[in-house]
């Protein structure tokens, strides 16, 4: 099964977005995504910094 974290468009994301989902849905495989990416997707979404979260190359 494939998973994706999607935002509705450039500029609509904000620090803290998805925090409840990441905290309650262990089946989202966020840890696997972190390993593949080489950086923490959940940490970026939860804590920012906003400058990094809004960068197109993070999409």
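Residue numbers (my numbering): -10 to 48. Backbone N, C-alpha and C define an ideal beta-carbon position, used for all residues, glycine too.
Does DSSP put residue 8 in a helix, a strand or coil?
Taking the chain shown and counting its residues from 1, the one referred to as residue 8 is at position 19. The three-state secondary structure of residue 8, taken from DSSP, is helix.
Kindly indicate which three-state DSSP category residue 42 falls into: helix, strand or coil?
Counting from 1 along the chain shown, the entry for residue 42 is found at position 53. In the structure shown, residue 42 falls within a helical segment according to DSSP collapsed to helix, strand and coil.
Through-space distance from residue 8 to residue 21, alpha-carbon basis
For the purposes of this step, residue 21 is taken as residue 32 along the chain shown, with counting starting at 1. For the purposes of this step, residue 8 is taken as residue 19 along the chain shown, with counting starting at 1. CA-to-CA, the gap between residue 21 and residue 8 works out to about 17 Å.
Quick one: Cα of residue -9 to Cα of residue 1, how far?
Within the chain shown, the letter at position 2 stands for residue -9. Within the chain shown, the letter at position 12 stands for residue 1. Counting only the Cα atoms, residue 1 lies some 23 Å from residue -9.
Compare the Cα-Cα distances from residue 10 to each of 26, 39, 30 and report the closest residue.
Numbered from its first residue, the chain shown carries residue 10 at position 21. If we check each option's Cα against that of residue 10, 30 comes out closest.
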